[in-house]
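**Q** Protein chains in written order, with this note's numbering: chain X, 20 to 314; chain E, 350 to 607; chain V, 664 to 956.
Glycine residues also receive a C-beta, built at the ideal position from the N, C-alpha and C atoms.
Keep in mind the model is a prediction, meaning the values are calculated, not measured.
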Amino acid sequence: MEAYLLAIFITALVYVLLTLGLNFQYGFTGLINFGYVGFFALGAYASAICTARLGWPAWSGFLLGMVVPFFLAWPLGRIALRLRDDYLAIVTLGFSEVVRLVIINEKQLTNGGQGIAGVPKLFEFGGAGLGGDALLAAVLLLACTAVAWLVRCVVKSPYGRLIQAIRDDETALLALGKNPARFKTQVLMLGGAIAGLAGSFYAHYIGYVTPDQFLPIVTFQVWMAMIMGGVGRLRGAVAGAFLLLLVLEGSRAVRDLLPGLPEVAMSSIRLAVIGVALILFIRFRPQGLWGAPRD
Amino acid sequence: MTDSSTASLQLEARGIVLSYGDNVVLNELSLAVDTSQLTGLIGPNGAGKSTLFSVLSGFMKARAGEVFYLGRSFGRQPPEQRARQGLMRTFQVPREFRHLTVLENMLAAPWQQPGESLAALLLRRAHVRRVEAENTERAHEWLRFLRLDSVASTAAGQLSGGQKKLLELGRILMLQPRCVLLDEPYAGVNPVLIEQISERIRELHARGIGFVIVEHNLHALSRLVDRMLVMDRGRLLSEGSPEQVLADPLVQAAYMGA
Amino acid sequence: MDLIWSDYANLALNGLAEGLLMALPALAVTLVFGVARFPNAAVGDFVSLGSFGALAAHRASGGSTLAAALGGIGAGAAGTWLGWRLAFRPLLGRKGLAMLLTSIGVGFVLRAAMGLGLGHEIQLFDLPLLKAWRWGPLIMNPLDVLVGAMALVCVALVFALLRFTSVGRTMRAIADDMDLARVVGIDSRAAMARMWVLSGVVCGVAGLALGLKTQVSPEAGADVLLPAFAAAVVGGLGNPLGAVLGAVCLGILQELSTPFVGFTYKIALSYVAMLLVLLWRPQGLFGRVQGVR
Chain X
20 MEAYLLAIFI
30 TALVYVLLTL
40 GLNFQYGFTG
50 LINFGYVGFF
60 ALGAYASAIC
70 TARLGWPAWS
80 GFLLGMVVPF
90 FLAWPLGRIA
100 LRLRDDYLAI
110 VTLGFSEVVR
120 LVIINEKQLT
130 NGGQGIAGVP
140 KLFEFGGAGL
150 GGDALLAAVL
160 LLACTAVAWL
170 VRCVVKSPYG
180 RLIQAIRDDE
190 TALLALGKNP
200 ARFKTQVLML
210 GGAIAGLAGS
220 FYAHYIGYVT
230 PDQFLPIVTF
240 QVWMAMIMGG
250 VGRLRGAVAG
260 AFLLLLVLEG
270 SRAVRDLLPG
280 LPEVAMSSIR
290 LAVIGVALIL
300 FIRFRPQGLW
310 GAPRD
Chain E
350 MTDSSTASLQ
360 LEARGIVLSY
370 GDNVVLNELS
380 LAVDTSQLTG
390 LIGPNGAGKS
400 TLFSVLSGFM
410 KARAGEVFYL
420 GRSFGRQPPE
430 QRARQGLMRT
440 FQVPREFRHL
450 TVLENMLAAP
460 WQQPGESLAA
470 LLLRRAHVRR
480 VEAENTERAH
490 EWLRFLRLDS
500 VASTAAGQLS
510 GGQKKLLELG
520 RILMLQPRCV
530 LLDEPYAGVN
540 PVLIEQISER
550 IRELHARGIG
560 FVIVEHNLHA
570 LSRLVDRMLV
580 MDRGRLLSEG
590 SPEQVLADPL
600 VQAAYMGA
Chain V
664 MDLIWSDYAN
674 LALNGLAEGL
684 LMALPALAVT
694 LVFGVARFPN
704 AAVGDFVSLG
714 SFGALAAHRA
724 SGGSTLAAAL
734 GGIGAGAAGT
744 WLGWRLAFRP
754 LLGRKGLAML
764 LTSIGVGFVL
774 RAAMGLGLGH
784 EIQLFDLPLL
794 KAWRWGPLIM
804 NPLDVLVGAM
814 ALVCVALVFA
824 LLRFTSVGRT
834 MRAIADDMDL
844 ARVVGIDSRA
854 AMARMWVLSG
864 VVCGVAGLAL
874 GLKTQVSPEA
884 GADVLLPAFA
894 AAVVGGLGNP
904 LGAVLGAVCL
914 GILQELSTPF
924 VGFTYKIALS
934 YVAMLLVLLW
944 RPQGLFGRVQ
954 GVR
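1. Using beta carbons (cut-off 7 angstroms, strictly below), is Arg101 (chain X) in contact with chain V?
2. Could you compute how far the alpha carbon of Leu801 (chain V) sits from the alpha carbon of Asn673 (chain V)?
3. How many Å lie between Ala165 (chain X) and Val158 (chain X) at the Cα?
4. Note down the Cα distance separating Phe892 (chain V) from Ile109 (chain X), rounded to an integer number of angstroms.
5. Measuring only the C-alpha atoms, how far is Ala603 (chain E) from Leu419 (chain E)?
6. Does the separation of the CB atoms of Arg570 (chain E) and Gly397 (chain E) fall below 7 angstroms?
7. Please say whether Gly682 (chain V) and Val924 (chain V) have beta carbons closer to each other than 7 angstroms?
8. Per DSSP, what are the beta-bridge partners of Gly589 (chain E) in this structure?
9. Hey, Val600 (chain E) and Leu586 (chain E) are a contact pair by Cβ (cut 8 angstroms); roughly how many whole angstroms apart?
10. Which one of V:Phe715, V:Ser669, V:Ser724, V:Ile767 has the shortest CA to CA distance from Ile236 (chain X)?
11. At the level of alpha carbons, what is the spacing between Gln306 (chain X) and Ile246 (chain X)?
12. Among all the DSSP beta bridges, which residues are the ones paired with Ile558 (chain E)?
13. Can you tell me whether Glu486 (chain E) is buried or exposed, with buried defined as 16 or more other CB within 10 angstroms of its CB?
14. Decide if Phe114 (chain X) is buried, meaning its Cβ has at least 16 other Cβ atoms within 10 Å, or exposed.
15. With a cut-off of 7 angstroms, does the C-beta of Arg774 (chain V) fall near any C-beta of chain X?
16. Per DSSP, what kind of secondary structure is Leu368 (chain E) in: helix, strand or coil?
17. Name the chain X residues that come within less than 8 angstroms of Met437 (chain E), Cβ to Cβ?
18. Leaving aside the five residues before and after Ile29 (chain X) along the sequence, list all residues of the same chain whose C-beta is less than 6 angstroms from its C-beta, in chain order.
19. Rounding to the nearest angstrom, what Cα-Cα distance links Ile195 (chain X) and Arg527 (chain E) in this structure?
20. Between the Cα of Thr384 (chain E) and the Cα atoms of E:Gln462, E:His565, E:Arg551, E:Gln593, which residue gives the shortest distance?
21. Which residues mark the beginning and the end of the beta strand (DSSP E) in which Trp744 (chain V) is found?
22. Please go through the same chain and pick out, in chain order, the residues whose beta-carbon is closer than 6 angstroms to the beta-carbon of Ala258 (chain X), but skip the five residues on each side of it.
23. Can you confirm whether Arg302 (chain X), when its beta carbon is compared against all beta carbons of chain E, has any partner nearer than 7 angstroms?
24. Who are Gly389 (chain E)'s beta bridge partners in DSSP?
25. So, helix, strand or coil for Ile236 (chain X), using DSSP?
26. Just to confirm my understanding: we take Thr450 (chain E), look at its own chain, exclude 5 residues before and 5 after, and list those with CB closer than 8 angstroms. What are they?
27. Alpha carbon to alpha carbon, how far is Val772 (chain V) from Val292 (chain X)? Give it in angstroms, no decimals.
28. Is the Cβ of Val117 (chain X) closer than 7 angstroms to any Cβ of chain V?
29. Taking the C-alpha atoms as reference points, what is the distance between Gly46 (chain X) and Gln593 (chain E)?
30. Rounded to whole angstroms, what is the Cα-Cα separation between Arg956 (chain V) and Leu809 (chain V)?
31. How about Gly954 (chain V): is its C-beta nearer than 7 angstroms to some C-beta of chain X?
32. Hey, does Thr828 (chain V) have any beta-carbon neighbour from chain X nearer than 7 angstroms?
33. Within 7 angstroms of any Cβ in chain X, is that where the Cβ of Leu516 (chain E) sits?
34. Alpha carbon to alpha carbon, what distance is there between Phe423 (chain E) and Arg302 (chain X)?
35. Along the beta strand (DSSP E) that carries Arg971 (chain V), what are the first and last residues, could you check?
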């Protein structure tokens, strides 16, 4: 039982990081990123390749796991600058799929569709090994707190005011002599690095990475978490992430109720649950469970 | 804040052509503005006045023609560069930063804020705080001038239409503008507030800021401006003092036919 | 690897076939964008639905292509109409992002329903084996010709509908300027419903084409979503001719690049091409510039 709860807790914390990063990009800056899972994948694979394939220490994976998405977000940002929302959504969605395509094809580096196994645990304790996971959870919790605090500091600063102005009305900002371009790119890069960090933790916890773990559904699970917790609310990131886990675990319970279903039906159920949740929340409660009705 | 060199600031449009699909919105439009005189721009609906503002400020690209400012052509400069040279505009439908407070709206305007650089936020915190305090002081002054100080902590999206328009002007005033294109400052504003807004504009003009004002409320506008330009169907139809222009039979016909 | 001109010609022919196949979902995306102002992310799944409908009709009728077409059209149109009534119409007036996210959700639900209800196994149309046609060094797969012809007919019919019928004119008026259309008295909701159904019809034909050329499965349609988006974006969202031309160009480009880029990366090429077009013209090749008035 403790193992199960710990697993939920760790997964939720990974989603907290992801939701913080996406909220920074969309909730506070208005950037519609439908390819967020791509940055998550880059971080996870960076850690997996560094540790499992190259035998380097874990911190190198964490570093690369943040640096690679950080810099890869730059060209994406430059291209996305002049794009309207719809086009930005499509371009970012395509980005994450191209990342997955590259992962599948560069077999030398990534072992292709089979994925990389044997990503070492961050902390090894004797015995049941639960101690190692518990320590991972503690470190992850620390990381979440640090990231949340940093994001909060930025959001409350003049920089944060500016990116919210970008979200509210870019045209007005141009009329005031300011070009949002640089800031949008920076936010994409920073948010990407946060997702990369989450990816590194994820890789070390699960122990293996495959391209199938980084399908677009993950991006929209993070969007769900962000919407449920409240777009533009930092505390919402925590609430939303845990709610998401509740929803996903609940869908597992659905499958348990129907014993005849094969394993592959699980992914369909998850898909259906996220889809229905998206439709219902957008229609009836777009401000999340706690927010006041906004635009 | 007086700057007497703006006394005869010239803003000029020469031969502007702009179509939207098959519709010719600006039809080889040429006009000149001497901002030492408060200038109004009127014309029936569809004459192209707001579109002209967009072209002057760089938000729309004309198919032909040039915009001259301070004697030099803007060329293809984007709107933010034109604003940096002191030519600013408001919008027909106000564009406030609706989730930010009124004060935050004002504080979002000033250029070269150290707090808008992540590096400075990290390394020069005292400097950031100091500049922020200075800007806040100035913002409050302007808010008092515009009679918006009572709503400084209100979310801008909750203001009335007239207040939003004043806030747009306030943001611009944080930047020491030289020429402001005001798009329908009186629209949806109650008559008492209209007179107050006119007062503010007169005061600002006395301080050396030029204004070109698009309005439909001809009565209020003619009491404010020294000079009027009339557009119709994408061209300049008439110009002169308010009395001359409003008595011009061509102008009256244009409004009747609209 | 040394290639001669006929190799390139054959690649181009393949590309033309691919492009025509992709033209249909791209057209479906752009039709919805015209009236609803958002790119419909559920198009891929409507295509899958159409392919299942076509397959069922094909089997039930003992192999009639016409029946398959009707089956696909019926399934696609029913799907999009239901989607419009249940999910999208209630959101009229909301921001584009709300519609976009809802379409993601609708796509997920549709895909899950097909997976749970119809199974994940890949199914194939039962077709007679046909020999390739040869014109000197040029090779053509008769299936490609059939699929290409189907696509062309469908595209031609849609264009004729839009251009020559009053229904089509109404839809185009709304796509051009919704506010103006309302002022002139056009009932936008009825016209929008028709556009959604038309988009579903196109998805149905696309489903049949896709199923014939490749396979029928709940995931097959979703795989064409990004190429369809890329084609519609390259042509300019909202421009039907642009979507078709965009798809054909991307298809040919993709195939011609295969000797240089490799088989598996050719899909990425559409994406890169889309990025390049957007860098140069953010509104697409034929899209309308959105000015600030």
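**A** For this structure:
1. Within the first sequence, numbered from 1, the residue matching residue 101 (chain X) stands at position 82. Arg101 (chain X) counts as touching chain V.
2. Numbered from 1 along the third sequence, position 138 holds the residue referred to as residue 801 (chain V). Numbered from 1 along the third sequence, position 10 holds the residue referred to as residue 673 (chain V). Taking the straight line joining both Cα atoms gives about 6 angstroms.
3. Numbered from 1 along the first sequence, position 146 holds the residue referred to as residue 165 (chain X). Numbered from 1 along the first sequence, position 139 holds the residue referred to as residue 158 (chain X). Taking the straight line joining both Cα atoms gives about 10 angstroms.
4. Locating residue 892 (chain V) in the third sequence gives position 229, where the first residue counts as 1. Locating residue 109 (chain X) in the first sequence gives position 90, where the first residue counts as 1. Their backbone Cα atoms lie some 7 angstroms apart in a straight line.
5. The residue given as residue 603 (chain E) occupies position 254 in the second sequence. The residue given as residue 419 (chain E) occupies position 70 in the second sequence. The alpha-carbon atoms of Ala603 (chain E) and Leu419 (chain E) are separated by roughly 32 angstroms.
6. Numbered from 1 along the second sequence, position 221 holds the residue referred to as residue 570 (chain E). Numbered from 1 along the second sequence, position 48 holds the residue referred to as residue 397 (chain E). Contrary to the premise, residue 570 (chain E) reads as Leu rather than Arg in this sequence. In this structure, Gly397 (chain E) does not lie closer than 7 angstroms to Leu570 (chain E) by Cβ.
7. Here the question's residue 924 (chain V) lines up with position 261 in the third sequence. Here the question's residue 682 (chain V) lines up with position 19 in the third sequence. No; because the gap between Cβ atoms is not below 7 angstroms, this pair is not in contact.
8. For the purposes of this step, residue 589 (chain E) is taken as the residue at position 240 of the second sequence. E:Met577.
9. Here residue 600 (chain E) refers to the residue found at position 251 when the second sequence is read from its first residue. Here residue 586 (chain E) refers to the residue found at position 237 when the second sequence is read from its first residue. Confirmed, Cβ separation roughly 6 angstroms.
10. Looking up residue 236 (chain X) in the first sequence gives position 217. If we check each option's Cα against that of Ile236 (chain X), V:Ile767 comes out closest.
11. Translated into positions along the first sequence, residue 306 (chain X) becomes position 287. Translated into positions along the first sequence, residue 246 (chain X) becomes position 227. Cα to Cα, Gln306 (chain X) sits roughly 7 angstroms from Ile246 (chain X).
12. One-based indexing of the second sequence puts residue 558 (chain E) at position 209. Paired residue(s): none; Ile558 (chain E) is not in a bridge.
13. On the second sequence, residue 486 (chain E) is found 137 positions in, with the first residue counted as 1. So Glu486 (chain E) ends up on the exposed side.
14. Locating residue 114 (chain X) in the first sequence gives position 95, counting from the first residue. Phe114 (chain X) should be labelled buried.
15. To locate residue 774 (chain V), count along the third sequence from 1; it is residue 111. True, the Cβ-Cβ gap to chain X drops below 7 angstroms.
16. Translated into positions along the second sequence, residue 368 (chain E) becomes position 19. Looking at the sequence shown, residue 368 (chain E) is not Leu but Ser. If DSSP states are grouped into helix, strand and coil, Ser368 (chain E) belongs with the strands.
17. Taking the second sequence and counting its residues from 1, the one referred to as residue 437 (chain E) is at position 88. Ordered by position in chain X, the residues that pass the 8 angstroms Cβ test against Met437 (chain E) are Ala194, Leu195, Gly196.
18. Locating residue 29 (chain X) in the first sequence gives position 10, counting from the first residue. Ala156, Tyr224, listed in sequence order.
19. Against the first sequence, residue 195 (chain X) aligns to sequence position 176. Against the second sequence, residue 527 (chain E) aligns to sequence position 178. Note on residue identity: the sequence assigns Leu, not Ile, to residue 195 (chain X). Distance between the alpha carbons of Leu195 (chain X) and Arg527 (chain E): 13 angstroms.
20. Here the question's residue 384 (chain E) lines up with position 35 in the second sequence. Comparing Cα positions, the closest option is E:Arg551.
21. Position 81 of the third sequence holds residue 744 (chain V). No beta strand (DSSP E) contains Trp744 (chain V), which is instead part of the alpha helix (DSSP H) from 728-746.
22. The count along the first sequence starts at 1 and reaches residue 258 (chain X) at position 239. Result list for Ala258 (chain X): Gly248, in chain order.
23. Stepping through the first sequence from its first residue, residue 302 (chain X) is reached at position 283. Cβ-Cβ to chain E under 7 angstroms: no for Arg302 (chain X).
24. The residue labelled residue 389 (chain E) in the question sits at position 40 within the second sequence. For Gly389 (chain E), which the question treats as bridged, DSSP gives the partners E:Ile562, E:Met577.
25. By one-based count along the first sequence, residue 236 (chain X) stands at place 217. Residue state, collapsed to three classes: helix.
26. The count along the second sequence starts at 1 and reaches residue 450 (chain E) at position 101. Contacts found: Ala501, Ser502, Thr503, Ala504, Ala505.
27. As a position in the first sequence, residue 292 (chain X) is number 273, starting the count at 1. As a position in the third sequence, residue 772 (chain V) is number 109, starting the count at 1. Spanning the two alpha carbons is a distance of roughly 8 angstroms.
28. Position 98 of the first sequence, counting from 1, holds the residue named residue 117 (chain X). Yes, Val117 (chain X) counts as interfacial toward chain V.
29. Against the first sequence, residue 46 (chain X) aligns to sequence position 27. Against the second sequence, residue 593 (chain E) aligns to sequence position 244. Each residue's alpha carbon lies about 53 angstroms from the other.
30. Walking along the third sequence from the start, residue 956 (chain V) turns up at place 293. Walking along the third sequence from the start, residue 809 (chain V) turns up at place 146. A caution first: Arg956 (chain V) carries a pLDDT of 41, below 50, which makes its placement in the model too unreliable to give a value.
31. As a first step, residue 954 (chain V) is located in the third sequence; it is residue number 291 there, counting from the start. At Gly954 (chain V) the pLDDT is 47, less than 50, meaning the model places this residue with poor confidence and gives no usable figure here.
32. For the purposes of this step, residue 828 (chain V) is taken as residue 165 along the third sequence, with counting starting at 1. So no, Thr828 (chain V) is outside the interface.
33. Walking along the second sequence from the start, residue 516 (chain E) turns up at place 167. No, Leu516 (chain E) does not count as interfacial toward chain X.
34. Residue 302 (chain X) sits at position 283 when you count from the first residue of the first sequence. Residue 423 (chain E) sits at position 74 when you count from the first residue of the second sequence. Arg302 (chain X) and Phe423 (chain E): Cα-Cα distance of roughly 46 angstroms.
35. With chain V running from 664 to 956 in the structure shown, residue 971 (chain V) is simply not present.
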